[in-house]
Amino acid sequence: FGSDTGDPESEETDEAEALGASLAVQNVLETRLNHVESALRKIEQDTYGICEHCKKQITERDLGIDPARPHCKDCSE
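Just so we're aligned, residue 118 is where the sequence shown starts under this note's numbering, counting upward by one.
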(Lines of atoms letter the chains of each structure in order from A and count residues from 1; the text may use other names and numbers.)
(Lines give C-alpha, C1' and ligand atoms only; values in the text may rest on other atoms or scores of the structure.)
Protein backbone atom coordinates (compact mmCIF):
# COMPACT_ATOMS: atom_id res chain seq x y z
CA PHE A 1 0.00 0.00 0.00
CA GLY A 2 1.64 3.18 -1.17
CA SER A 3 4.80 3.80 0.82
CA ASP A 4 4.60 0.56 2.82
CA THR A 5 7.91 -0.97 1.77
CA GLY A 6 8.56 -3.00 4.88
CA ASP A 7 11.72 -0.97 5.43
CA PRO A 8 12.23 -0.57 9.23
CA GLU A 9 14.08 2.71 8.75
CA SER A 10 11.21 4.10 6.72
CA GLU A 11 8.73 3.04 9.38
CA GLU A 12 10.83 4.68 12.11
CA THR A 13 11.00 7.89 10.08
CA ASP A 14 7.23 7.87 9.61
CA GLU A 15 6.72 7.33 13.34
CA ALA A 16 9.15 10.12 14.20
CA GLU A 17 7.38 12.51 11.83
CA ALA A 18 3.99 11.57 13.30
CA LEU A 19 5.32 12.11 16.83
CA GLY A 20 6.77 15.48 15.84
CA ALA A 21 3.46 16.57 14.36
CA SER A 22 1.60 15.35 17.44
CA LEU A 23 3.93 17.27 19.77
CA ALA A 24 3.51 20.43 17.69
CA VAL A 25 -0.27 20.18 17.97
CA GLN A 26 0.02 19.51 21.69
CA ASN A 27 2.15 22.63 22.10
CA VAL A 28 -0.41 24.78 20.26
CA LEU A 29 -3.25 23.38 22.37
CA GLU A 30 -1.36 23.91 25.64
CA THR A 31 -0.64 27.52 24.68
CA ARG A 32 -4.30 28.05 23.83
CA LEU A 33 -5.40 26.50 27.12
CA ASN A 34 -3.03 28.81 29.02
CA HIS A 35 -4.53 31.83 27.25
CA VAL A 36 -8.08 30.70 28.08
CA GLU A 37 -7.21 30.08 31.73
CA SER A 38 -5.55 33.50 31.90
CA ALA A 39 -8.66 35.14 30.40
CA LEU A 40 -10.85 33.43 33.01
CA ARG A 41 -8.61 34.74 35.82
CA LYS A 42 -8.82 38.22 34.31
CA ILE A 43 -12.61 38.03 34.34
CA GLU A 44 -12.48 37.17 38.06
CA GLN A 45 -10.06 40.07 38.68
CA ASP A 46 -12.07 42.51 36.54
CA THR A 47 -9.12 43.06 34.20
CA TYR A 48 -10.48 41.16 31.20
CA GLY A 49 -9.95 42.90 27.88
CA ILE A 50 -6.89 44.85 29.03
CA CYS A 51 -3.68 44.36 27.04
CA GLU A 52 -1.01 42.64 29.13
CA HIS A 53 1.69 44.77 27.53
CA CYS A 54 0.45 48.36 27.14
CA LYS A 55 -2.57 48.14 29.49
CA LYS A 56 -4.94 49.63 26.89
CA GLN A 57 -8.39 48.21 26.21
CA ILE A 58 -8.53 45.44 23.61
CA THR A 59 -11.29 46.18 21.11
CA GLU A 60 -14.55 44.24 21.28
CA ARG A 61 -13.99 43.25 17.65
CA ASP A 62 -10.63 41.66 18.48
CA LEU A 63 -12.04 39.94 21.58
CA GLY A 64 -14.88 38.66 19.41
CA ILE A 65 -12.33 37.05 17.12
CA ASP A 66 -10.29 35.64 20.02
CA PRO A 67 -11.88 35.99 23.48
CA ALA A 68 -8.64 34.82 25.14
CA ARG A 69 -6.47 37.37 23.34
CA PRO A 70 -3.79 38.63 25.78
CA HIS A 71 -2.63 41.67 23.78
CA CYS A 72 -4.16 44.48 21.77
CA LYS A 73 -3.70 44.58 18.01
CA ASP A 74 -0.83 47.08 18.22
CA CYS A 75 1.15 45.01 20.72
CA SER A 76 0.46 41.77 18.85
CA GLU A 77 2.13 43.10 15.71
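Glycine included, C-beta positions come from ideal geometry on N, C-alpha and C.
Nearest candidate by alpha-carbon position, reference residue i, set the options
i      : options                           : result
Lys172 : Ala156, Asn151, Pro184 and Cys192 : Cys192
Arg178 : Cys189, Glu169 and His170         : Cys189
Ser155 : Gln143, Gly137, Glu169 and Ser127 : Glu169
Cβ-based neighbour list, residue i, same chain, cut-off 8 Å, excluding 5 preceding and 5 following
i      : result
Leu180 : Gly166 and Arg186
Same chain, Cβ closer than 6 Å to residue i, five either side skipped, listed in chain order
i      : result
Val153 : Ala185
Assigned secondary structure, residue i (DSSP; H/G/I helix, E/B strand, else coil)
i      : result
Ile175 : coil
Buried or exposed by the 16-neighbour rule on C-beta atoms within 10 Å, applied to residue i
i      : result
Ile182 : exposed
Ile160 : exposed
Heavy atom of the ligand SAM within 8 Å of residue i beta-carbon
i      : result
Val142 : As for the ligand SAM, it is missing from this structure, which has no ligand bound.
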